[in-house]
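Student:
Residue numbers (the numbering used here), protein chains in the order written: chain A, 1 to 318; chain B, 1001 to 1338.
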């Protein structure tokens, strides 16, 4: 799945290193610096500095300067340099107009903008449905920020991985994801976030996902950056979806002993290959219990936050 | 003029192989009329050198790429061992090249000096160059870097890191990945302790030049004593291409910030530094600079710095080398002809 979001733009995507196609002055564009192995890079295209070259200038340069028929992975940066969270509707229109120039696009990430340019809560999004329709060969899709986002349930036959990174995922979006028709989906990462920034999804909102009925092929489920991770863990302790998973991810949240105790008291987890809990408030004794109970599972308990701060907080908010 | 008789020693998956091939074409296309040009490179695998199976040809000029890829896999560490393996490998290469009557394009001793940071700092200090002072008492307000370089490279300072502690069932290991929270003094000390075998050392921090929300060092490519290319380098971020440091920053922004006088001083510092590494024609010189007057030599890369197209503001903008990649300029330069 896509690497953690904290502050930075992605450094890799779809298993490929990022090549930033961004220039503060288009007259400086040196095509000699453009790699010929186009397919070996994930291309991040867009404005990457405050007051720099606008996306509407960079995008046509990219179309002209790079053989886009060989692009496999694309992440889109900012369209408007000094208000980097806005302009996605224009960027989407530009991408849709050029969709036929990306016949081999497998992976797409929207609004790959670092927090130094815009906080995640300021990133406005348009309905990604038209993009999924325009790129039927996508297997990986993600977006960052959910301000203004209205989304119908997604429909795509081939999509295998879906990620939504935000400081507060609106419950209506969680429900839309759960009602999506994605028969090939094997990996789902949702940053649930905090009510303060529009989050607050509860058991009812997650019901379709947790039932296991929504995505029969699902093998990885990430309910990350969750404010009440203990309650979420208690839900997962009995959620039917867990039986089909190889990887469960409750990272970046506020998980503590209570949540781990609930997980251990619930359904078996020994079938998992990986349990990612990093960024947590789990005590040492409970960590030892986890390792004892799950001897064959790769349990990630990095970032024991209790060593730094008694007050709990999620990793991504504003 | 006869065609260049040359070879490149590189790992089998070394990305620079493709760049050498492109450089040969670039050098050939920009050659003087009538010049017979630059042939395609002949690659020799490092593995063949190490197994004493490599064959070189009399009169051949032999270039050297890294023994290990620049970004090693997780967990982080092992720099000392890799440096030692490189030292042995370079000696084997030197012997094989000499035996065949070929010529190594780099001098081994200065190369090893550049890759041993403690020795390098002492050497530069002795010769009057400004270097960031060592201070092993620093744990949360300094720049930590491994003593031995040559393959992957990373650092950690008091405000930012892409290194983190990963807890295993039996202890901890150091990993690198996307930025996380700022490490506290305790975690910095733990990182240091785990990497002690790599001779990690601490140098004083510096408020680096700051543009558009990002701190930069300045990297110069110096060829035959002259700075030919330059770029801003973002420390601590994953490097997509070695000239990027994660993101390209055009030189005009730095020129505007520094002014011509200071820029020329930086160019001069890079060139004077390179002059102390005889026998290495193509060097990378990294300078750590602040927004005002402080300038330090931070690193010397004997494998060069390849910064295609980034030539603005350098002393010889009309020099035809400026339009070439550094590798192509190396191949075109008469000094490279054997």
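Cβ coordinates follow ideal geometry from the N, Cα and C atoms, glycine included.
For residue 257 of chain A, go through chain B and note every residue whose CB falls closer than 7 Å to its CB, in chain order.
Tutor: None at all; the shortest Cβ gap to chain B is about 17 Å.
Student: Establish whether the CB of residue 1221 of chain B and some CB of chain A are separated by less than 8 Å.
Tutor: Cβ-Cβ to chain A under 8 Å: no for residue 1221 of chain B.
Student: What three-state label does DSSP hand residue 1254 of chain B in the structure shown?
Tutor: Three-state result, residue 1254 of chain B: helix.
Student: Buried or exposed, going by whether 16 or more other CB atoms sit within 10 Å of the CB of residue 1210 of chain B?
Tutor: Exposed is the call here.
Student: Measure the Cβ-Cβ separation of residue 1087 of chain B and residue 1005 of chain B and say whether it is below 8 Å.
Tutor: Cβ distance not < 8 Å, so residue 1087 of chain B and residue 1005 of chain B don't count as in contact.
Student: With DSSP as the reference, please indicate the residues paired to residue 110 of chain A in a beta bridge.
Tutor: A:143.
Student: From B:1326, B:1082, B:1256, B:1165, pick the residue whose C-alpha is nearest to that of residue 1147 of chain B; which is it?
Tutor: Per the Cα distances, B:1082.
Student: DSSP three-state label for residue 303 of chain A, please.
Tutor: Residue state, collapsed to three classes: coil.
Student: Taking the continuous beta strand (DSSP E) assigned at residue 291 of chain A, which residues delimit it?
Tutor: No beta strand (DSSP E) holds residue 291 of chain A; the alpha helix (DSSP H) holding it covers 284 to 293.
Student: Whole angstroms is fine: what's the gap from residue 260 of chain A's alpha carbon to residue 217 of chain A's?
Tutor: C-alpha separation (whole angstroms): 26 Å.
Student: Looking at the unbroken alpha helix (DSSP H) that takes in residue 1084 of chain B, where does it start and where does it end?
Tutor: Start and end: 1079 to 1100.
Student: Using C-beta distances below 6 Å, list every residue in its chain close to residue 1240 of chain B, excluding the 5 sequence neighbours before and after it, in chain order.
Tutor: Confidence at residue 1240 of chain B is low in this model, with a pLDDT of 47, below 50, so its placement is unreliable and the value that follows should be read with caution. Result list for residue 1240 of chain B: empty, nothing under 6 Å.
Student: Roughly how many angstroms separate the alpha carbons of residue 1304 of chain B and residue 82 of chain A, rounded to a whole number?
Tutor: Roughly 36 Å separates the two Cα atoms.
Student: What three-state label does DSSP hand residue 1268 of chain B in the structure shown?
Tutor: In the structure shown, residue 1268 of chain B sits in a helix (DSSP, three-state: H, G or I).
Student: Less than 8 Å separating the beta-carbons of residue 1203 of chain B and residue 1132 of chain B?
Tutor: Taking 8 Å as the Cβ cut-off, residue 1203 of chain B and residue 1132 of chain B qualify as a contacting pair.
Student: The beta strand (DSSP E) with residue 1006 of chain B in it runs from where to where?
Tutor: First-last of the beta strand (DSSP E) with residue 1006 of chain B: 1006 to 1010.
Student: Can you give me, in chain order, the residues of the stretch 306 to 318 of chain A that have a beta carbon less than 9 Å from any beta carbon in chain B?
Tutor: Here the close residues are 307, 308, 315.
Student: Could you tell me which residues DSSP puts in a beta bridge with residue 163 of chain A?
Tutor: Answer is A:142, A:189, bridged to residue 163 of chain A.
Student: Looking at the unbroken alpha helix (DSSP H) that takes in residue 123 of chain A, where does it start and where does it end?
Tutor: It is not in any alpha helix (DSSP H) - residue 123 of chain A carries neither H nor E in the DSSP assignment.
Student: From the DSSP output, in three-state form, read off residue 1325 of chain B for me.
Tutor: Reduced to three states, the DSSP call for residue 1325 of chain B is coil.
Student: Can you give me the C-alpha to C-alpha distance between residue 71 of chain A and residue 1270 of chain B, rounded to a whole angstrom?
Tutor: Answer to the nearest angstrom: the Cα atoms are 38 Å apart.
Student: As a quick exercise: from B:1026, B:1162, B:1281, B:1129, pick the residue whose alpha carbon is nearest that of residue 1224 of chain B.
Tutor: Answer by Cα proximity: B:1281.
Student: Would you list, in chain order, the members of the stretch 60 to 86 of chain A that have their beta-carbon closer than 8 Å to a beta-carbon of chain B?
Tutor: Against chain B - using a Cβ distance shorter than 8 Å - the stretch 60 to 86 of chain A contributes no residues.
Student: Could you list which residues in chain B have their beta carbon closer than 7 Å to that of residue 38 of chain A, in chain order?
Tutor: Going along chain B, no residue has its Cβ under 7 Å from residue 38 of chain A, so there is no contact; the nearest lies around 12 Å.
Student: Say whether the stretch 137 to 147 of chain A touches the stretch 90 to 106 of chain A, bearing in mind that this needs 3 or more beta-carbon pairs closer than 8 Å, one atom from each stretch.
Tutor: Yes, the stretch 137 to 147 of chain A touches the stretch 90 to 106 of chain A.
Student: Among all the DSSP beta bridges, which residues are the ones paired with residue 47 of chain A?
Tutor: Answer is A:78, bridged to residue 47 of chain A.
Student: So the candidates are B:1077, B:1327, B:1106, B:1174; which of them puts its Cα closest to the Cα of residue 1197 of chain B?
Tutor: Closest option to residue 1197 of chain B, Cα to Cα, is B:1077.
Student: Determine the extent of the beta strand (DSSP E) in which residue 20 of chain A is found, giving its start and end residues.
Tutor: Note, residue 20 of chain A: beta strand (DSSP E), 16 to 21.
Student: By Cβ distance below 6 Å, which residues in the same chain neighbour residue 303 of chain A in space, the five residues on each side in sequence not counted?
Tutor: Closer than 6 Å at Cβ, skipping near neighbours: 278, 279.
Student: Just grab the DSSP bridge partners of residue 1223 of chain B for me.
Tutor: Paired residue(s): B:1226, B:1282.
Student: Under 9 Å Cβ-Cβ, which residues of chain B neighbour residue 208 of chain A?
Tutor: Residues of chain B passing the Cβ test: none, with the nearest at roughly 30 Å.
Student: When you compare the CB of residue 1018 of chain B with every CB in chain A, is at least one pair closer than 8 Å?
Tutor: For residue 1018 of chain B, the answer is yes, since a Cβ of chain A falls inside 8 Å of its Cβ.
Student: In the DSSP assignment, find the beta strand (DSSP E) that holds residue 1165 of chain B and state where it starts and stops.
Tutor: Run containing residue 1165 of chain B: 1163 to 1167, per the beta strand (DSSP E) assignment.
Student: Bridge partners for residue 2 of chain A per DSSP, in chain order?
Tutor: Partner(s): none; residue 2 of chain A has no beta bridge.
Student: Kindly list the residues whose CB is nearer than 6 Å to the CB of residue 9 of chain A, restricted to its own chain and excluding five residues on each side of it in sequence; keep chain order.
Tutor: Once the five neighbours on either side are set aside, the close Cβ partners of residue 9 of chain A are 112, 114.
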